[in-house]
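Peer 1:
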Amino acid sequence: MNLQQIVSDAIDKKGNTKDKLIEILLEIQSRTEGNYVPTESLKMISESLDIPLSKVYGVATFYSMLSVKKRGKYAIQICNSAPCYISGSSDIVKIFEEVLGIKMGEVTQDGMFSLEYTSCIGACNLAPAVKINDKVYGNLDRNKIIEIIASLRKGGE
Amino acid sequence: MVNLISRLCGKLDPLSIYDYREKGGFKSLEKVLFKMKPIDVIDEIKKSNLKGRGGAAFPTGLKWQFVSMEESDEKYVICNADEGEPGTFKDKILLDGCPFQIIEGMLIAGYAVGAKKGFIYIRGEYPKSKELLIEAVDILKKEGYLGDNILSSDFSFDIEIRSGAGAYVCGEETALIESIEGEPGRSRFKPPYPPNKGLWGKPTLVNNVETLANIPVILEIGAENYKKYGTESSSGTKLISVSGSVVNKGVYEVEFGITLREIIYDICGGLIEDRKLKFLQIGGSSGVCIPADMLDLRLDFDEFRKHDIGLGSGAILVVDENTCVVDFIKVTSEFFEHESCGKCTPCREGNYHIVRILKRIAEGKGSKRDLDLLKNISDVMQQCSLCGLGQAAPTALITTMKYFKEEYEEHLKGYCRAGKCTFKGGVLDE
Amino acid sequence: MSKVKVFIDNREVIVDEGTTILEAAKKVNINIPTLCYHPDQKIKGICRICIVEVEGQKNFSASCCTPVRDGMRIRTNTKKVREARKNIMQFILVRHDGDCLTCVRNGNCELQKLSEELNIKEIKYDRIVENLPIDESNPSIVRNPNKCIKCGRCIEVCHDVQGVGAIDAINRSDDLKILPGLYEKISDVACVYCGQCINVCPVGAIYEKEDIERVWDVLEDKSKHVVVQIAPAVRVSLGEMFGFKPGSIVTGKIVAFLKAIGFDKVFDTNFTADLTIIEEGSELLHRIKNGGKLPMLTSCSPGWIRYIEFFYPELLGHVSTCKSPQQMFGALTKTYYAQKFGIDPKDIVVVSIMPCTAKKAEAVREEMNSSGYQDVDIVLTTRELGKMIKESRIQLEDLEEVEFDRPFGIATGAGAIFGATGGVMEAALRTVYEKVTGKELEKIEFTALRGIDEYKEAAVEMDNMKVKVAVVNGLKNAKIILDMIKEGRADYHFIEVMCCPGGCIGGGGQPIPSTNEIKKKRIEAIYNVDISYAIRKSHLNPVVNKLYEEFLKEPLGHKSHQLLHTHYINRKN
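Residue numbers (UniProt numbering), protein chains in the order written: chain A, 1 to 157; chain B, 1 to 430; chain C, 1 to 573.
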């Protein structure tokens, strides 16, 4: 599906009013390859909703779940809030970096995975935890991480 | 542990309206719509002494009264489901366990304050819970519990679900309102408060998920019976989220009056690997860090206040002796640096400088002067920031500098007792 | 409204309920420091410099956004308050490129002044000025993000007053920046170059692209014949930079200065303002008679022109094809004047002194070369003129007043009032009325069209025709009227639009501060200039008439079309 179509579908689904901007951006992101809101889509929204482009960009860069840069097909968000920190999230970061061969903030060359931090995802009972797209994975250790990555590579969930 | 507010969670299919009704659901709504005037509902909530469960512990009935007293063609009820305080995951239990109960609370609130429209603002990090809520609302619309003339009464009420997109500050009610309006979630100055001027400038009631979940229960059993739970100053129960180095992490419903020791050792099974408790952080990352010798404090708003502790969202983070205080506070401060909305100077800049200085100290490059600066910055942020985020951000720093001063000072000398901080040139001799 | 009694620094103050602490303090001459606060803008409450102690309260209150409560006891000058302010100030200063000595706002900077007032003697925190690129991408406005203190004033004026939205806050926390959205450069976005952001900026983060040196250079170049024109709004505001009271008229001193530094001729834009009235008035009547597009919209304001080109290109047919007085002046100087005085137009340099930043961009529009050369070569703002005066060391107050040169120094009161909102319309009505009715207009003051109100209208009976006109200033108001036109609800013949609030006297090139209070004084002065003229109707300007006789022949004639009229560009997308 082309971007224009994704944008107009998102606006149709969420409503053509200024207050729906965040919902529209989330919708576009979830349906765009690379888990992000392309700048072209921002221009289209600005036109349709009659919001200055600068404001649309301001909103897109304010919320940390929204990204204006391309991410991996699987955007791995590692919680670095205190509860996960206590349970060893910094080690988890190192393991992910090692297993994927990228640093935090980067995307793997095949475009499959990207690594970033997230604030608390409310899975503190499963700490240390990560969120990959919409799914939460908890009680992580090296073996589990290797397993998850292998399974996602195979196209599983 | 008790089962009052969360009694239905896990006991029914969250989307089965049949189950919910079977277990007494919507009885309170029916009672309210057909037997009570709005003012009676507000009186009952006031009598129950319910205080907001989101963090600020403002008397709920009074808030409702403020909104009901406003004259306006439009008013709104917002359910604050932006549970962003690190270590807090109790609203998620309620949202996933029994969404109808929360919506019933919203309907009663709408009736009481004279609102016809409600929003549930749910954090973007809970996509599954959001889907569930959307379905729940759809079901209720079909069943006549939402929309025009609910249950054939004169009362009409509708609910929209709105998603956050990763901004802790949106838990603050005016930032949340900005976000619903489609803006970046930057807090407004107060006054005016939302009950007077909120969403689109209209009187707005913002209540936390847990607060709203209390409402049907209070109206079902009556304020007097409700007050039998808890203590004089803090009636009812509280959902607490326990995380960190405990054996049984999780959300537990407890009566006010229980001690922290009972929570940590009786309910949660103590610390993992029998580690030694270093401190508890109460109320999330914006909360105080209290040392192990305060474990016999009772969960009670008044008692907590005497010790300058806010219960906040009811999160308890258990931190053991393996943790370095400086490193911990650095992580906490990085969180606030990441989450500051950037609007007011003290918070935008203060968090930045705190992180910078803490990094320096953790690298063994800190000086006595840095500790003074941290104190300066914390004071300014606490006293001068525009909203609760900036005011509360340095709380953990301030309290650890009070209770663990020597550990900060050790770092100045290049020594980290937890062995977390790696210093250039290795650990110095004392 | 009920009154409340409060105590500020132990002084009793009785004020209306709802008054802020800041306002209440002003009543008893307690001057609480502010930074994000601007008298013409919404209360922001974000810089936190204005905090005060309130008895019984743990935290401080920002006085700009905290209403007083009855019995409140407020302390504005305790050690704690002073220390907190100093800390906040330092937070701002460490991120600010504090190169004061070479800053465009040196000596006129709110931050600099506040730093002195708060007695800042040390910076305790690490300096963290980012080395972001300075945006000099366009002919009008320069942005230096390294000086930005994130007060948000520019955003407000750009979005809420002008309805343009070229810049906004992006990112959050200490990453927050005010930028042209997803672009680096102002030239990449729909910016109209009005410069209103400059006028509200407390520091030197936004300023006009300076062209002073180019002027000094041509003045030294013996092969050049350098002429200068001065816009109507400049003479009523420049004095503010030299200690004159707002509203002082310093026309003769400006002329004297310009002659002193070597301009060959000093002319008056008021003259081509008169000419504009003849052409524009004729165009209006032509449109009315021949069923042309109505309402007709004025075209003097280049920020406004860019606005309609960007946002409502489908309505460009409503815009008068008349060039602005600045551009008419350039075109005529390099044709009629050049011929008349036997000067090769290639050797003529036309300099303009304008209250406006958008005029710089207007002068370099491709189509503005009907003389065969760029009609206007260099445009300076009022502020730049002030800087040249300072640089020259000539004392403005000591200069004897001198008259404009001829021929383009002869103008009427109608040309003079172009500088204020409603002025173009009033000038047009003075002429159109007499043209239509053949009778003398007795009462030439159209007071309904005067003043800084955002929206003004009038209906004038001319024989059996009722001419309905409207006047708007500020682009947000222009948008309202454009939407009315789109929906067919604008039942007017002629609408004057000025880009800047208050008209050109409030232009983006005017002395700072440029508050509503000051603008009102400038407007008063404009109408005093009007009264000072013997002739106050454009069609009675003898030089204009001679120009038609000798050169242009007739309004809307062939030569006029060639030199005095223009076309516009669709800039959407």
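Glycine included, every Cβ here is placed at the ideal spot set by N, Cα and C. Quick caveat, the model's predicted, so the values are computed rather than measured.
In the DSSP assignment, what residue or residues form a beta bridge with residue 18/C?
Peer 2: What you label residue 18/C is simply residue 18 of the third sequence in a count that begins at 1. BP columns for residue 18/C are empty, so no partner.
Peer 1: Any C-beta of chain B sitting closer than 9 Å to the C-beta of residue 94/C?
Peer 2: Numbered from its first residue, the third sequence carries residue 94/C at position 94. Output row for residue 94/C: interface = yes.
Peer 1: CB of residue 19/A to nearest heavy atom of the ligand SAH: below 8 Å?
Peer 2: Annotation note on the ligand SAH: not contained in the displayed structure, which lists no ligands.
Peer 1: Please name the residue, chosen from 55/A, 140/A, 87/A, 154/A, that lies closest to residue 159/C on a Cα-to-Cα basis.
Peer 2: The residue labelled residue 159/C in the question sits at position 159 within the third sequence. Ranking the options by Cα distance to residue 159/C, first place goes to 55/A.
Peer 1: What residues from the segment 40–54 of chain A come within 7 Å of chain C, judged by C-beta to C-beta, listed N to C?
Peer 2: Correct list: 42, 52, 53, 54.
Peer 1: What residues in the segment 305–320 of chain B have a beta carbon less than 7 Å from any beta carbon of chain A?
Peer 2: Under the 7 Å Cβ criterion, the segment 305–320 of chain B contributes 317, 319.
Peer 1: Could you name the residues that DSSP lists as bridge partners for residue 316/B?
Peer 2: Numbered from its first residue, the second sequence carries residue 316/B at position 316. Looking at the DSSP assignment, residue 316/B forms a beta bridge with 242/B, 282/B.
Peer 1: I need the straight-line Cα distance from residue 228/C to residue 352/C, nearest angstrom please.
Peer 2: Residue mapping note: residue 228/C aligns to position 228 of the third sequence, counting from 1. Residue mapping note: residue 352/C aligns to position 352 of the third sequence, counting from 1. Whole-angstrom Cα-Cα distance: 6 Å.
Peer 1: Do the segment 379–389 of chain C and the segment 430–442 of chain C touch if we need at least three Cβ pairs shorter than 8 Å?
Peer 2: Contact between the segment 379–389 of chain C and the segment 430–442 of chain C is absent, because fewer than three Cβ pairs lie under 8 Å.
Peer 1: Answer yes or no: does any C-beta atom of chain B fall closer than 9 Å to that of residue 81/A?
Peer 2: Working through the first sequence from its first residue, we reach residue 81/A at position 81. It does: the Cβ of residue 81/A has a partner Cβ on chain B nearer than 9 Å.
Peer 1: Between which two residues does the beta strand (DSSP E) containing residue 291/B stretch?
Peer 2: Here residue 291/B corresponds to residue number 291 of the second sequence, with the count starting at 1. Taken as a continuous stretch (DSSP letters only), the beta strand (DSSP E) holding residue 291/B covers 289–291.
Peer 1: Going by beta-carbon coordinates alone, are residue 140/B and residue 159/B separated by less than 9 Å?
Peer 2: Numbered from its first residue, the second sequence carries residue 140/B at position 140. Numbered from its first residue, the second sequence carries residue 159/B at position 159. Closer than 9 Å, so yes.
Peer 1: Taking 7 Å as the limit between beta carbons, can you name the residues of its chain near residue 506/C, skipping five residues before and five after?
Peer 2: As a position in the third sequence, residue 506/C is number 506, starting the count at 1. Here the set comprises 500, 514, 519.
Peer 1: Please state the DSSP three-state secondary structure of residue 426/B.
Peer 2: For this step, residue 426/B is matched to residue 426 along the second sequence. With a pLDDT of 46 at residue 426/B, under the threshold of 50, the modelled position of this residue cannot be trusted; read the value that follows with caution. The answer is coil: DSSP assigns residue 426/B none of H, G, I, E or B.
Peer 1: Helix, strand or coil, according to DSSP, for residue 307/C in the structure here?
Peer 2: Numbered from 1 along the third sequence, position 307 holds the residue referred to as residue 307/C. Helix.
Peer 1: Using the Cβ count rule (16 or more neighbours within 10 Å means buried), how would you classify residue 214/B?
Peer 2: The count along the second sequence starts at 1 and reaches residue 214/B at position 214. Its Cβ being crowded by 16 or more others within 10 Å, residue 214/B is buried.
Peer 1: Could you name the residues of the segment 55–68 of chain A whose beta carbon sits closer than 7 Å to any beta carbon of chain B, in the order they occur along the chain?
Peer 2: The residues in question are 58, 59, 62, 63, 64, 65, 66.
Peer 1: Who does residue 114/A pair with in a DSSP beta bridge?
Peer 2: What you label residue 114/A is simply residue 114 of the first sequence in a count that begins at 1. Answer is 75/A, 107/A.
Peer 1: If you pair each beta-carbon of the segment 450–459 of chain C with each one of the segment 419–439 of chain C, do three or more pairs fall below 8 Å?
Peer 2: With a cut-off of 8 Å, the segment 419–439 of chain C and the segment 450–459 of chain C count as touching, because enough Cβ pairs lie within range.
Peer 1: Can you find a C-beta in chain B that's less than 9 Å from the C-beta of residue 98/C?
Peer 2: Here residue 98/C is taken as the residue at index 98 of the third sequence, counted from 1. Closer than 9 Å: no.
Peer 1: Give the single residue among 444/C, 425/C, 40/C whose Cα lies nearest to the Cα of residue 284/C.
Peer 2: Taking the first residue of the third sequence as 1, we reach residue 284/C at position 284. Of 444/C, 425/C, 40/C, the residue nearest in Cα terms is 425/C.
Peer 1: Going by CA-CA distance only, name the one from 329/B, 83/B, 343/B, 390/B that's closest to residue 399/B.
Peer 2: For the purposes of this step, residue 399/B is identified with residue 399 of the second sequence, where counting begins at 1. For the residues 329/B, 83/B, 343/B, 390/B, the minimum Cα distance to residue 399/B belongs to 329/B.
Peer 1: Hey, would you say residue 92/A sits closer than 9 Å to residue 243/B, going by beta carbons?
Peer 2: Position 92 of the first sequence holds residue 92/A. Position 243 of the second sequence holds residue 243/B. Not closer than 9 Å, so no.
Peer 1: Between the Cα of residue 396/B and the Cα atoms of 417/B, 325/B, 356/B, which residue gives the shortest distance?
Peer 2: As a working note, residue 396/B is residue 396 in the second sequence. Closest by alpha carbon: 325/B.
Peer 1: Of all the CB atoms in chain D, is at least one closer than 9 Å to the CB of residue 411/B?
Peer 2: In the structure shown, chain D cannot be found, because the protein chains are A, B and C.
Peer 1: With DSSP run on the structure shown, which of helix, strand or coil describes residue 271/B?
Peer 2: Working through the second sequence from its first residue, we reach residue 271/B at position 271. Residue state, collapsed to three classes: strand.
Peer 1: Which partner residues of residue 386/B appear in the DSSP bridge assignment?
Peer 2: Counting from 1 along the second sequence, the entry for residue 386/B is found at position 386. None, per the DSSP bridge assignment.
Peer 1: Which residues, taken in chain order from the segment 169–188 of chain B, show a beta carbon closer than 9 Å to some beta carbon of chain A?
Peer 2: Under the 9 Å Cβ criterion, the segment 169–188 of chain B contributes 170, 179, 180, 181, 182, 183, 184, 185, 186.
Peer 1: Please report the distance separating the alpha-carbon of residue 350/C from that of residue 168/C.
Peer 2: Here residue 350/C is taken as the residue at index 350 of the third sequence, counted from 1. Here residue 168/C is taken as the residue at index 168 of the third sequence, counted from 1. The straight-line gap from Cα to Cα measures roughly 36 Å.
Peer 1: In the DSSP assignment, what residue or residues form a beta bridge with residue 268/C?
Peer 2: Within the third sequence, the letter at position 268 stands for residue 268/C. Per DSSP, 230/C.
Peer 1: For residue 430/C versus residue 560/C, is the C-beta spacing smaller than 9 Å?
Peer 2: Taking the first residue of the third sequence as position 1, residue 430/C is located at position 430. Taking the first residue of the third sequence as position 1, residue 560/C is located at position 560. Cβ atoms of residue 430/C and residue 560/C: not closer than 9 Å.
Peer 1: Run the CB neighbour count on residue 428/B, radius 10 Å, all protein chains shown included, and call it buried at 16 or more, exposed below.
Peer 2: Within the second sequence, residue 428/B is the residue found at index 428, counting from 1. Reliability fails at residue 428/B, whose pLDDT of 47 lies under 50, so the model's placement of it is uncertain and the value that follows must be treated cautiously. When all chains shown are included, residue 428/B counts as exposed.
Peer 1: Can at least three beta-carbon pairs, one atom from the segment 5–18 of chain B and one from the segment 123–141 of chain A, be found at a separation below 8 Å?
Peer 2: With the cut-off at 8 Å, the segment 5–18 of chain B and the segment 123–141 of chain A do not touch.
Peer 1: Is the number of C-beta pairs between the segment 50–67 of chain A and the segment 191–199 of chain C that are closer than 8 Å three or more?
Peer 2: Too few Cβ pairs lie closer than 8 Å, so no.
Peer 1: Whose C-beta lies closer than 6 Å to the C-beta of residue 467/C among residues of the same chain, with five residues either side of it excluded?
Peer 2: For the purposes of this step, residue 467/C is identified with residue 467 of the third sequence, where counting begins at 1. Same-chain partners within the cutoff: 460, 493.
Peer 1: Using the Cα positions of residue 80/C and residue 264/B, report the straight-line distance between them to the nearest angstrom.
Peer 2: Against the third sequence, residue 80/C aligns to sequence position 80. Against the second sequence, residue 264/B aligns to sequence position 264. C-alpha separation (whole angstroms): 40 Å.
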